[in-house]
Amino acid sequence: MLIMTTIDDLPPEGIPYITEKIMDSGAKNIHILNAYTKKGRVEYIILVDFEEKYLDDISSLLALEFGTIGMKLFDYKHIRFPYKLDEKSFLININHCSLESKVKIKYLFDSDEKLISLKAEYDDLKRLAITLNKKGFDVSFSKLKTIIEAEAYINSVELNELKISL
């Protein structure tokens with residue numbers, strides 16, 4: 004289920020606290036979007052994804068914390084793709100120094116089990132970026148992510164038809 008409410012009278016400092024409480028109450032995910040109302044006031048649109056069994060807890064918490072007098076409830080169909088989480092070892096060579104690290108990669112497949120995409124796990128990339136930076140190597144998080152995911156992709160699919168020249 005998805006519930007939506009809006010608020011226009013909450014200081015932004017309270018949002019992280021309330022977000023944690025909502026997640027602890029059974030939400031799968033929460034999105035808080037900035038918006039403007041018809042009168043030009045800043046508001047937040049809150050979207051919370053949860054299982055139906057948490058409806059009373061989450062709606063009551065939203066009413067308590069945000070003072071909202073109404074919410075919109077959406078019943079939706081979630082399309083879920085099959086995926087596999089696999090831990091890969093990477094050997095990173097920078098300026099004659101080597102570092103071995105493990106990074107979890109999430110592989111997303113279509114219904115024919117063909118690889119659609121892949122993504123390196125954030126926490127592993129963060130840990131690796133911090134380690135590299137502590138060793139004096141200025142490697143940005145986004146560049147490291149690109150390199151790790153490209154290597155994982157190259158090692159996961161057949162690239163007979165893909166030719167890239169730079």
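Convert by adding 3 to the 1-based position in the sequence shown; the result is the number in the numbering used here. Even for Gly, the Cβ is constructed at its ideal location relative to N, Cα and C. Treat the numbers as computed from the prediction; the structure is a model and nothing was measured.
Does DSSP put residue i in a helix, in a strand, or in coil?
i	result
Leu131	helix
Glu16	helix
Phe77	strand
Nearest chain B C-beta to residue i closer than 7 Å, yes or no?
i	result
Lys107	In the structure shown, chain B does not exist; there is a single protein chain.
Round the Cβ separation of residue i and residue j to the nearest angstrom and send it over; I've been treating them as touching at under 8 Å.
i	j	result
Ile49	Ile61	Not confirmed; about 10 Å, so no contact.
If you follow the alpha helix (DSSP H) that residue i is in, where does it begin and where does it stop?
i	result
Ser92	Looking at the DSSP string, Ser92 is not in any alpha helix (DSSP H); the run it does join, the beta strand (DSSP E), is Tyr86 to Ile97.
Ile61	Leu58 to Phe69
On the DSSP bridge list, what partners appear for residue i?
i	result
Asp27	DSSP output for Asp27 lists no bridge partner at all.
Tyr39	Val45
Ala123	Ile108
Ile72	DSSP lists no partner for Ile72.
Ile33	Val51
Can you list, in chain order, the residues of its chain whose CB lies under 8 Å from that of residue i, leaving out five sequence neighbours each side?
i	result
Gly70	Ile10 and Asp12
Val142	Ile97, Ala132, Leu135 and Asn136
Tyr79	Met4 and Leu5
Ile119	Phe84, Leu111, Phe112 and Asp113
Leu147	Leu128, Leu131, Ala132 and Leu135
Among the residues of its own chain, which have a CB less than 7 Å from the CB of residue i, if the five just before and after it don't count?
i	result
Pro85	Phe112
Leu121	Ile108, Lys109, Tyr110, Leu111, Glu152, Ala155, Tyr156 and Ser159
Thr8	Ile49, Leu65, Phe69, Thr71 and Met74
Where do the ends of the beta strand (DSSP E) carrying residue i lie?
i	result
Phe53	Val45 to Phe53
Glu103	Cys100 to Phe112
Thr149	Taken as a continuous stretch (DSSP letters only), Thr149 belongs to no beta strand (DSSP E), being part of the alpha helix (DSSP H) at Phe144 to Ile157.
Thr7	Note on identity: in this sequence residue 7 is Met, with Thr being the wrong assignment. Taken as a continuous stretch (DSSP letters only), the beta strand (DSSP E) holding Met7 covers Leu5 to Ile10.
Within the same chain, show all residues whose beta-carbon is closer than 6 Å to that of residue i, passing over the 5 residues directly before and after it, in chain order.
i	result
Asn32	Asp52
Asp127	Val106 and Lys107
Phe144	Ala132
Ser104	Phe93 and Leu131
Ser28	Asp60, Ile61 and Leu64
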